[in-house]
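Structure, as structure tokens:
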Amino acid sequence: MSNRVITLCYRKIIDINAAKQWDKLVFEASYMEFKMQAQNYSGGTAFTSYADLLRHVPNAQAIAGMVMPAITGYVQQFANIVPDILNNVGKRFLKFNRFQFEIINSDILDKTKHQVAVNFYTDSLLWHDTVDNFLLVSDHKPAAIIDEEMLSNLFQLQPYVNIHTIKNLQ
Amino acid sequence: MERKNFLKSLMVGAVSTSVLVEACKKDTTSPTTTTTTSTSTSSGSTTSCSVIETETEGPYPTHTPASYVRSDITDGRTGYALTVKITVNNSNNSCNALSGALVDIWHCDAEGNYSEYGGSGTQATNYTTVHFLRGRQTTDANGLVTFTSIFPGWYTGRATHIHVHVYNSAGTSLKVTQIAFPEGTGTALAAVAGYTKGMTGYTYNATDGVFSDGYALELATITGSTTAGFALSISMSVPA
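Chains as they are written, first to last, in full-length UniProt numbering: chain A, 1 to 170; chain B, 1 to 240.
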């Protein structure tokens with residue numbers, strides 16, 4: 001059986017329908033910050049939507065980076081464990097060290113248009129096998145001997161989870 | 001066959017199958033497709049149904065303000081200490097102090113570089129992933145906000161300045177402006193003398209693209225020295 005090292009990306013999308021407490025807080029904080037930052041670019045124009053600002057206002061692509069500090073505190077509350085993605089006994093297990101904030105859509109005057117995503121990039125995982133619809137993975141520790149017993153997790157690929165990188169081990 | 005046995009052993013291992021049944025009833029994280037298996041267990045479990053979280057809703061989400069909300073905005077940038085005191089009053093309310101307003105300030109570092117920007121023609125150094133020298137405070141009952149920072153440097157084409165954006169408490173923009181620095185012999189600007197860059201090629205207020213149309217209301221008062229640090233103060237009126 002070939003061993004493959006993968007990293008995953010979970011794109012957590014948050015909009016006006018957010019139901020979980022964390023999602024709601026991120027929605028509110030990112031919209032408030034979007035409104036505040038976007039006004040630095042919309043001044044003197046009739047544009048209020050994120051798409052229009054991107055299309056017509058120079059440097060407006062900086063807005064997402066300017067909004068991100070409003071939600072970094074919330075991401076830190078996860079203590080480097082990816083939310084929502086559970087192993088087969090119902091526990092969160094994926095570790096992440098990098099995330100990327102993304103504004104999908106928004107409007108200074110219309111909160112219902114606000115939609116953002118937080119992309120969580122996981123640490124390296126060793127993909128041992130596929131059991132029915134589940135992937136069997138363990139933390140990839142380059143120094144570890146493959147034959148040693150190691151802790152593993154069974155989980156299912158689900159919507160908005162992508163295999164972000166892959167590398168075959170010889 | 002081997003896989004089926006493996007799955008079966010997992011289910012036995014998970015205390016009891018009824019746990020799975022309960023879990024599936026209020027599954028909140030299930031993906032869209034469900035395919036029933038041909039296993040003979042009576043639990044009605046499916047292979048594509050993720051088990052609901054059996055732990056608490058960790059981490060407990062608590063309100064955290066944007067990381068801009070801070071009084072000390074230096075973030076490790078070095079330079080002569082500068083305290084910035086901005087007092088905001090309301091021109092629509094007899095120039096009385098405006099409390100509860102959000103005040104954002106941002107300025108360049110000693111070398112003339114901004115955080116959030118870079119890697120482009122106007123700023124070679126890439127600082128797109130850092131947020132130094134940017135901060136937000138809420139005005140107190142006297143309309144005052146205070147920041148701890150460093151004396152800004154300068155960059156080609158602009159006089160030394162600090163950007164200010166005042167919002168009402170709901171985040172609606174009330175005023176975008178800039179603070180200008182006094183020039184000439186004996187001023188803080190002359191004492192700092194552009195740090196290591198010097199003042200050759202410096203753009204003075206009179207020829208600055210932003211300030212040349214008049215900057216009397218934007219001109220700050222600055223006291224102090226390079227050894228003791230500087231204190232900047234300015235009062236501004238905004239329509240709220």
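For every residue, glycine included, the Cβ atom is placed at its ideal position computed from N, Cα and C.
| said: Looking at the ligand FMN, does it come within less than 7 Å of N168(B), judged from the CB to the closest heavy atom? | reply: Of ligands this structure carries none, so the ligand FMN is not represented either.
Within the 8 Å Cβ cut-off, does P239(B) reach chain A? As a working note, residue 239(B) is residue 239 in the second sequence. At a cut-off of 8 Å between beta carbons, P239(B) makes no contact with chain A.
- prompt: Can you tell me where the alpha helix (DSSP H) with N87(A) in it begins and where it stops?
  reply: Locating residue 87(A) in the first sequence gives position 87, counting from the first residue. Where N87(A) is concerned, there is no enclosing alpha helix (DSSP H), given that its DSSP letter is neither H nor E.
query = Are the C-beta of E116(B) and some C-beta of chain A separated by less than 8 Å?
reply = Looking up residue 116(B) in the second sequence gives position 116. It does: the Cβ of E116(B) has a partner Cβ on chain A nearer than 8 Å.
Item to complete: Step through the CB atoms of chain B and report whether any lies within less than 8 Å of the CB of G44(A).
Response: Taking the first residue of the first sequence as 1, we reach residue 44(A) at position 44. False, the Cβ-Cβ gap to chain B never drops below 8 Å.
- In the structure shown, what three-state DSSP assignment does S99(B) receive? Indexing the second sequence from 1 puts residue 99(B) at position 99. The three-state reading of DSSP puts S99(B) in coil, since its state is none of H, G, I, E or B.
If we cut at 8 Å on Cβ distances, does T32(B) have a partner in chain A?
Position 32 of the second sequence, counted from the first residue, corresponds to residue 32(B). A caution first: T32(B) carries a pLDDT of 39, below 50, which makes its placement in the model too unreliable to give a value.
Using DSSP with H/G/I as helix, E/B as strand and the rest coil, what is F134(A)? In the first sequence, the residue the question calls residue 134(A) occupies position 134. Reduced to three states, the DSSP call for F134(A) is strand.
Margin query: Looking at the secondary structure, which residues open and close the alpha helix (DSSP H) in which I63(A) lies?
Written below: Looking up residue 63(A) in the first sequence gives position 63. Segment 63-67, the alpha helix (DSSP H) holding I63(A).
Test item: CB-CB of F151(B) and G79(B) under 8 Å: Residue numbering aside, residue 151(B) sits at position 151 when the second sequence is read from its first letter. Residue numbering aside, residue 79(B) sits at position 79 when the second sequence is read from its first letter. The answer is yes: Cβ separation under 8 Å.
*asked:* Let me make sure I understand the geometry here. Which of L232(B), C95(B), E116(B) has the alpha-carbon closest to that of G143(B)?
replied: For the purposes of this step, residue 143(B) is identified with residue 143 of the second sequence, where counting begins at 1. Out of L232(B), C95(B), E116(B), C95(B) has the C-alpha closest to the C-alpha of G143(B).
Anything in the stretch 177-195 of chain B with a Cβ closer than 8 Å to a Cβ of chain A? List those residues in chain order, please.
none
**Item:** Y167(B) versus C108(B), L102(B), G229(B), residue with shortest Cα-Cα distance
**Value:** By one-based count along the second sequence, residue 167(B) stands at place 167. Selected option, being the one with the closest Cα: L102(B).
Whose Cβ in chain B lies nearer than 8 Å to the Cβ of Y74(A)?
The sequence position of residue 74(A) within the first sequence is 74, counting from 1. Within chain B, the residues near Y74(A) are P61, T64.
For L174(B), collect the residues of the same chain with a Cβ closer than 8 Å to its Cβ; drop the 5 residues on either side in sequence, then sort them by chain order.
The count along the second sequence starts at 1 and reaches residue 174(B) at position 174. Listed in chain order, the non-local C-beta contacts of L174(B) below 8 Å within the same chain comprise A101, V166, Y167, N168, V238, P239, A240, local neighbours out to five positions each way being set aside.
From the DSSP output, in three-state form, read off T148(B) for me. As a position in the second sequence, residue 148(B) is number 148, starting the count at 1. Residue state, collapsed to three classes: strand.
TODO: Check the Cβ of K35(A) against every Cβ in chain B and list those closer than 8 Å, keeping chain order.
DONE: Position 35 of the first sequence holds residue 35(A). Within chain B, the residues near K35(A) are G171, T172.
Using a Cβ-Cβ cut-off of 7 Å (strictly less than) and excluding sequence neighbours within five positions of L25(A), which residues of its own chain qualify? Within the first sequence, numbered from 1, the residue matching residue 25(A) stands at position 25. Taken in chain order, the residues that qualify are Y74.
Endpoints, the beta strand (DSSP E) within which F101(A) is located: In the first sequence, residue 101(A) corresponds to position 101, counting from 1. For F101(A), the uninterrupted beta strand (DSSP E) run begins and ends at 96-105, by DSSP.
* Asked: Are three or more beta carbon pairs between the stretch 144-163 of chain B and the stretch 194-211 of chain B nearer than 8 Å?
  -> yes
Open item on the list: Between the alpha carbons of K85(B) and D23(A), how many angstroms are there, rounded?
Closed with: Position 85 of the second sequence, counted from the first residue, corresponds to residue 85(B). Position 23 of the first sequence, counted from the first residue, corresponds to residue 23(A). When rounded, the distance between both Cα atoms is 36 Å.
- Indicate the three-state DSSP secondary structure (helix, strand or coil) for Y155(B) in the structure shown. Position 155 of the second sequence holds residue 155(B). Three-state DSSP puts Y155(B) in coil, outside helix and strand.
| message | Out of N168(A), G44(A), V161(A), L154(A), which one is the CA nearest neighbour of G90(A)? | response | The count along the first sequence starts at 1 and reaches residue 90(A) at position 90. Comparing Cα-Cα distances from G90(A) to each of N168(A), G44(A), V161(A), L154(A), the minimum goes to L154(A).
Legend entry - Buried/exposed call for Q170(A), threshold 16 Cβ in 10 Å: The residue you call residue 170(A) lines up with position 170 of the first sequence. With fewer than 16 Cβ atoms within 10 Å of its Cβ, Q170(A) is classed as exposed.
Practice prompt. Using the Cα positions of A18(A) and G65(A), report the straight-line distance between them to the nearest angstrom.
Written response: Along the first sequence, one-based indexing puts residue 18(A) at 18. Along the first sequence, one-based indexing puts residue 65(A) at 65. CA-to-CA, the gap between A18(A) and G65(A) works out to about 22 Å.
Are the beta-carbon atoms of residue 243(B) and A180(B) separated by less than 8 Å? This structure does not reach residue 243(B), given that chain B is present from 1 up to 240, and the question cannot be answered.
| request: Report the neighbours of N40(A) on chain B: residues whose CB is nearer than 7 Å to its CB, in chain order. | output: Taking the first residue of the first sequence as 1, we reach residue 40(A) at position 40. The contacting residues are H165, V176.
- What residues of chain A sit near Y68(B), judged by a beta carbon separation below 7 Å? In the second sequence, counting from the first residue as 1, residue 68(B) sits at position 68. Simply P69.
Quiz prompt | Which residues DSSP lists as bridging A180(B), in chain order | solution = Residue numbering aside, residue 180(B) sits at position 180 when the second sequence is read from its first letter. Partner(s): H161(B), L219(B).
(Q) Would you say H107(B) lies against chain A (beta-carbon separation less than 8 Å)? (A) Position 107 of the second sequence, counted from the start, is the residue given in the question as residue 107(B). Chain A, which has no Cβ nearer than 8 Å to the Cβ of H107(B), makes this no.
Check your understanding: Candidates R70(B), T223(B), A228(B): which alpha carbon is nearest T146(B)'s?
Key -> Counting from one through the second sequence, the residue named residue 146(B) turns up at place 146. Among R70(B), T223(B), A228(B), the Cα nearest to that of T146(B) is on R70(B).
**Report entry** Other residues of its chain near E33(A): CB distance less than 6 Å, five sequence neighbours each side excluded
**Finding:** As a first step, residue 33(A) is located in the first sequence; it is residue number 33 there, counting from the start. These residues qualify, in order along the chain: V67, A70.
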